[in-house]
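The sequence shown lines up with residues 1 to 617 when you count with the UniProt record's numbering. Each residue gets a CB set at the ideal place from its N, CA and C atoms; glycine is no exception. The model shown is predicted, which means the values in this text are computed figures rather than measured ones. Read the structure below first, then the notes.
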Amino acid sequence: MKLTVGQAVVRFLANQWTERDGVERRAVAGCFGIFGHGNVAGLGQALLQAQRTGEADLPYRLARNEQAMVHAAAGFARMSNRLQAYACTASIGPGSTNMLTGAALATVNRLPVLLLPSDVFATRAASPVLQELEDPGGYDVSVNDAFRPLSRFFDRVWRPEQLPSALLGAMRVLTDPADTGAVTVCLPQDLQAEAYDFPDELFAKRVWHIARPPAEASFVSRAADVVRHARRPLIIAGGGVIYSEASGELDQFARETGIPVADTQAGKGALSWDHPNSVGGVGSTGTPVANRLARDADVIIGVGTRYSDFTTASRTAFQNPDVQFVNINVAGFDAAKESAFPIVADARAGLSALLAALDGASFPADYEADVVSWQATVDHAYHLGHGPLPAQTEVIGAVNEACGARDVVVQAAGSLPGDLQMLWRARDPKQYHVEYGYSCMGFEIAGALGIKLADPSREVFAMVGDGSYLMMAQEIVTAVADGIKLVIVLIQNHGFASIGALSESLGSQRFGTSYRYRGDSGDYDGGHLPVDLAANAESLGAAVIRCRTIADLADGLKRAREADRLTVVHIETDPLAPVPSSESWWDVPVPSVSALASTQEARTAYEAAKRSQRLYL
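Below you can see the structure in the form of structure tokens.
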């Protein structure tokens with residue numbers, strides 16, 4: 001079949017499918033893109049031809065920012081439980097390197113996205129071409145080599161003959177839950193337009209089976225022996241529980257053993273917040289209940305978690321001197337963390353195997369009164385009555401109460417992820433979508449777009465602070481153009497609330513964290529800037545509802561939920577309003593020498609906390 005390389009890529013991707021538990025889905029559901037001279041006549045022409053002729057079903061969506069379209073692809077992949085992906089095509093040079101941050105986010109979060117950056121001429125006939133980086137050390141180097149450490153699979157196709165192996169290698173990693181992340185196939189711009197006689201079988205329907213790897217009996221036996229001798233075990237549910245759709249197995253495991261279940265940012269919602277075994281988030285931004293249980297636990301059962309520093313409170317969360325870890329994870333890399341007894345398996349299969357091996361063992365624990373007390377604290381934070389501007393915790397409460405059980409909240413960076421993990425009451429495994437592996441400002445709106453594409457039946461609420469909004473709001477235009485309805489809760493607090501609080505706690509006095517005029521002192525301590533983000537959103541095509549009070553917000557959220565178009569609900573909050581304590585710690589080094597008393601005091605507190613760190617060897 002004589003096709004250009006661009007046409008062959010589109011035709012191949014349109015015929016890739018995944019299958020798990022007998023259900024088939026398109027492996028690559030569509031392609032985001034921004035065209036430039038590097039891809040407009042290659043992949044751009046191929047996508048146009050596919051759309052006009054119907055020869056390949058790969059829907060194209062015009063993005064407004066290359067980083068944002070990768071975030072949207074990541075949101076889509078997570079909402080799809082990593083069973084589907086989106087492709088992203090960009091032009092040579094800055095168009096492609098704009099995708100680097102998105103690539104890092106996808107790989108850190110173990111999410112499959114397919115990146116198709118355009119590259120320099122394979123023939124070098126016109127080199128150096130526009131936007132080409134010339135490296136005196138070698139003519140085969142381009143800016144796209146920066147994708148190598150950020151990708152789980154990387155290839156550059158110099159000749160059409162190389163395309164089949166590159167595409168098959170890309171699909172292998174996209175469909176491997178143990179090894180997935182950003183997948184990058186670089187396509188030189190002249191190669192995209194070059195024709196070649198490709199074998200017909202390359203374009204036949206291909207189904208990639210996504211297995212549920214079973215647990216090896218010997219590993220289960222060793223792990224069960226550790227758990228059986230525990231007195232105060234604790235389960236930590238990570239994102240792997242949700243991706244493997246193992247909430248039912250986790251529910252059964254918890255009820256039959258009596259073991260309390262804490263969750264990570266990626267795992268929140270694995271059990272409903274009101275489940276009798278649920279104790280909330282664990283770690284630096286977790287609940288005091290979960291963190292007290294973690295401190296005393298003698299066995300930690302980690303299911304589908306990668307043990308980030310927020311989950312382990314920078315390795316201070318687990319203080320029992322005899323603590324041991326049992327990890328169920330589809331990736332051996334993560335299963336082995338914290339010197340654990342590993343069970344390398346799908347979360348659903350691993351939980352079932354471990355429960356069977358425990359043979360009826362149960363571990364009574366008394367934490368119900370603590371959970372009730374904590375939920376009273378959450379109620380208080382949700383209805384604080386703070387003034388004159390409301391507290392962020394009240395905004396979270398209003399959004400939580402406005403959400404139906406299947407609605408989705410999306411967030412990524414700043415103070416909101418911490419407050420959300422601590423306070424949000426998740427009722428569905430797909431309700432809570434906070435990107436906190438890479439904690440990338442600007443993810444929220446783009447990620448919400450991808451989530452809505454993955455499941456249009458759900459209402460999607462993107463909560464975004466003014467800092468993140470200013471970094472990346474362009475995909476409002478994409479959503480408006482495609483008629484995709486989102487609810488964006490835009491929280492204006494005139495600066496970086498999270499980093500402001502962190503700065504103060506580290507003795508740096510909130511320096512450089514406010515959006516204000518530069519004052520006579522030389523610092524940004526003048527009046528608030530006259531920035532109207534609500535007007536900005538309106539100029540991008542969004543409907544806008546301005547709120548002053550929490551009562552206004554509740555009404556605005558109701559109206560936005562009932563609307564049939566993208567709606568931004570804007571409210572100002574007090575960045576200094578109180579938030580409940582997690583009774584935990586996060587390791588951010590403080591200067592060991594300083595002329596500032598505030599920094600000296602913070603260093604003393606840092607050294608004291610640092611003494612609690614352990615390596616779990």
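For residue i: DSSP bridge partner residues
{"i": "Ser-118", "result": "Leu-187"}
{"i": "Met-463", "result": "Val-489"}
{"i": "Ala-182", "result": "Val-113"}
{"i": "Thr-569", "result": "The residue asked about is misnamed: residue 569 is Val in this sequence, not Thr. For Val-569, which the question treats as bridged, DSSP gives the partners Val-489 and Ile-545."}
{"i": "Ser-594", "result": "In the DSSP output, where bridge partners are listed per residue, Ser-594 has none listed."}
{"i": "Val-299", "result": "Pro-233 and Gln-324"}
{"i": "Lys-2", "result": "Asp-197"}
{"i": "Val-9", "result": "According to DSSP, which records beta bridges pairwise, Val-9 is partnered with nothing at all."}
{"i": "Asn-329", "result": "Val-344"}
{"i": "Arg-206", "result": "Gln-16"}
{"i": "Arg-516", "result": "His-528"}
{"i": "Thr-89", "result": "Gly-33 and Leu-116"}
{"i": "Gly-281", "result": "Asp-263"}
{"i": "Val-409", "result": "Tyr-432 and Phe-461"}
Contact set for residue i: own chain, Cβ-Cβ below 6 Å, skip 5 residues either direction
{"i": "Ala-609", "result": "Trp-585"}
{"i": "Gly-36", "result": "Ser-91 and Gly-95"}
{"i": "Gln-600", "result": "Ser-594"}
{"i": "Ala-479", "result": "Leu-449, Leu-486 and Leu-566"}
{"i": "Val-460", "result": "Val-408, Ala-448, Ile-451, Lys-452 and Leu-486"}
Own chain residues within Cβ distance below 7 Å of residue i, not counting five before or after
{"i": "Gln-588", "result": "For clarity, residue 588 is Val in the given sequence; the question names Gln instead. Cβ within range, chain order: Leu-502 and Leu-506."}
{"i": "Arg-546", "result": "Ala-534 and His-570"}
{"i": "Gln-45", "result": "Gly-6"}
{"i": "Ile-182", "result": "Just to set this straight, residue 182 is Ala in the shown sequence, not Ile. Closer than 7 Å at the Cβ level, and outside the excluded window around Ala-182, lie Ala-103, Ala-106, Thr-107, Val-113, Leu-115, Leu-150, Ser-151 and Arg-152."}
{"i": "Thr-377", "result": "Pro-580"}
{"i": "Glu-66", "result": "Ile-34, Ala-90, Gly-95, Asn-98 and Met-99"}
Backbone secondary structure at residue i - three-state DSSP
{"i": "Gly-102", "result": "helix"}
{"i": "Gln-51", "result": "helix"}
{"i": "Tyr-438", "result": "coil"}
{"i": "Phe-496", "result": "coil"}
{"i": "Asp-155", "result": "strand"}
{"i": "Asp-197", "result": "strand"}
{"i": "Gln-233", "result": "Looking at the sequence provided, one finds Pro at residue 233 rather than Gln. Note: Pro-233 maps to strand in three-state DSSP."}
{"i": "Asp-263", "result": "strand"}
{"i": "Ala-317", "result": "coil"}
{"i": "Tyr-432", "result": "strand"}
{"i": "Ala-246", "result": "coil"}
{"i": "Trp-17", "result": "strand"}
{"i": "Glu-24", "result": "strand"}
{"i": "Val-141", "result": "coil"}
{"i": "Arg-61", "result": "strand"}
{"i": "Gly-33", "result": "strand"}
{"i": "Gln-474", "result": "coil"}
{"i": "His-528", "result": "strand"}
{"i": "Thr-312", "result": "coil"}
{"i": "Leu-423", "result": "helix"}
{"i": "Ser-373", "result": "helix"}
{"i": "Glu-444", "result": "helix"}
{"i": "Lys-268", "result": "coil"}
{"i": "Arg-306", "result": "coil"}
Buried or exposed (CB count within 10 angstroms, at least 16 for buried), residue i
{"i": "Thr-123", "result": "exposed"}
{"i": "Phe-333", "result": "exposed"}
{"i": "His-528", "result": "exposed"}
{"i": "Ala-103", "result": "buried"}
{"i": "Glu-435", "result": "buried"}
{"i": "Gly-248", "result": "exposed"}
{"i": "Gly-526", "result": "exposed"}
{"i": "residue 674", "result": "Since the first and last residues shown for the chain are 1 and 617, residue 674 lies out of range."}
{"i": "Lys-2", "result": "exposed"}
{"i": "Ala-170", "result": "buried"}
{"i": "Val-53", "result": "Just to set this straight, residue 53 is Thr in the shown sequence, not Val. With fewer than 16 other Cβ atoms within 10 Å, it is exposed."}
{"i": "Ser-592", "result": "exposed"}
{"i": "Cys-442", "result": "Rather than Cys, the amino acid found at residue 442 in this sequence is Gly. The residue is buried, with at least 16 neighbouring Cβ atoms inside 10 Å."}
Own chain, CB closer than 8 Å to residue i, minus 5 neighbours either side, in chain order
{"i": "Arg-232", "result": "Leu-293, Asp-296, Ala-297, Asp-298, Val-299, Asn-320, Phe-363 and Ala-365"}
{"i": "His-275", "result": "Asp-251, Ala-254 and Val-261"}
{"i": "Gln-613", "result": "Ser-314, Arg-315, Thr-316 and Asp-587"}
{"i": "Val-40", "result": "Ser-91"}
{"i": "Arg-603", "result": "Gly-507, Val-590, Pro-591, Ser-592 and Ser-594"}
Three CB pairs or more closer than 8 Å across the region 449 to 465 and the region 71 to 80: yes
Touch test, the region 110 to 130 against the region 486 to 496, Cβ-Cβ under 8 Å, three pairs minimum: no
Touch test, the region 333 to 342 against the region 189 to 203, Cβ-Cβ under 8 Å, three pairs minimum: no
Stretch-stretch touch, CB-based, cutoff 8 Å, three pairs: the region 407 to 420 with the region 38 to 52: no
Meets three-Cβ-pair contact criterion under 8 Å: the region 22 to 33 and the region 54 to 66: yes
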